[in-house]
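Numbering (our numbering), first residue to last: 9 to 195.
Using N, Cα and C, we set each Cβ at its ideal position, and we do this for glycine too.
Read the structure below first, then the notes.
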Ligand code: ATP
Ligand code: MG
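Next comes the structure, spelled out in structure tokens:
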């Protein structure tokens with residue numbers, strides 16, 4: 009599951025847990041992006057902070073892990089490179105790429121889209137406020153599933169912190185404390 013995770017929140021965690029259970033996955037690997045090319049115009053937090061928050065949020069789940077492949081690669085992050093690196097690290101694994109309805113909409117604009125479907129099976133999940141549709145994606149390459157609706161976004165969490173509003177219960181406790189310790193999102 010790729011993401012900016014700036015910060016990771018309970019929406020991400022519910023999606024991962026649900027897809028893990030439904031597809032009986034051995035492991036869900038969270039992959040914080042390096043520099044997301046779709047977010048070139050935005051300021052995003054340091055990769056190391058996003059990586060550590062993802063580790064903090066996932067540490068207690070034996071089926072969750074975090075990969076540094078994207079943050080250790082220089083240049084903008086393209087999912088095709090992520091999947092190739094993961095395939096190299098886990099040559100016997102069947103890869104699934106988990107994405108929310110909003111990100112799935114953008115898949116067709118991703119670079120080397122044909123290659124992507126050869127590397128992994130895509131799982132598109134519902135997200136409040138977005139339509140889950142598989143716009144002309146190759147047959148059999150994507151499975152759409154409904155997950156418990158969590159109307160949480162990282163953007164909203166950042167706005168809340170900047171405005172002095174709480175993010176307790178939107179993100180894991182350790183992430184609330186990390187945000188405060190590092191004075192993230194102070195605007
Ligand atoms: P931002 O507001 O900064 O874009 P975000 O909340 O969308 O943050 P991302 O890191 O961009 O989080 O998302 C990573 C992946 O998780 C994407 O595939 C996204 O669609 C999915 N996702 C994020 N939040 C939810 C949610 N509440 N429900 C379902 N899917 C989600
Ligand atoms: Mg997003």
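Residue span of the alpha helix (DSSP H) that contains residue i, given as start and end
i	result
residue 1	Residue 1 is absent from the model: the chain starts at 9 and stops at 195.
residue 91	87-97
residue 62	55-66
residue 163	162-170
residue 191	Neither: residue 191 is in no alpha helix (DSSP H) and is coded neither H nor E.
residue 25	18-30
residue 77	77-80
Local Cβ density within 10 Å of residue i, reported as buried at 16 or more and exposed below that
i	result
residue 177	exposed
residue 173	exposed
residue 120	exposed
residue 99	exposed
residue 193	buried
residue 136	exposed
residue 111	buried
residue 28	buried
residue 128	buried
residue 126	exposed
residue 157	exposed
residue 55	buried
residue 138	exposed
C-beta contact flag for residue i and residue j at 8 Å
i	j	result
residue 162	residue 17	yes
residue 145	residue 109	no
residue 67	residue 21	no
residue 36	residue 72	yes
residue 70	residue 183	no
residue 107	residue 132	yes
residue 26	residue 179	no
residue 195	residue 170	yes
residue 130	residue 31	no
residue 80	residue 190	no
N- and C-terminal bounds of the beta strand (DSSP E) containing residue i
i	result
residue 108	104-108
residue 152	150-153
residue 141	Element bounds for residue 141: n/a, residue is neither H nor E.
residue 40	36-40
residue 74	72-74
Closest by C-alpha distance to residue i, when choosing among the options
i	options	result
residue 45	102, 114, 58	114
residue 84	52, 32, 127, 73	52
residue 97	112, 82, 78	78
residue 59	153, 75, 130	75
residue 167	95, 118, 187	187
residue 33	164, 48, 102, 62	102
residue 7	124, 117, 118	Not covered by the structure: residue 7. The range shown for the chain is 9 to 195.
residue 117	164, 88, 92	88
residue 23	63, 181, 153	153
Minimum Cβ-Cβ distance from residue i to chain D less than 8 Å
i	result
residue 142	The displayed structure is made up of one protein chain only, and chain D is not part of it.
The segment 34-43 touching the segment 9-20, judged by at least three CB pairs closer than 8 Å: The segment 34-43 and the segment 9-20 touch, with no fewer than 3 CB-CB distances between them shorter than 8 Å.
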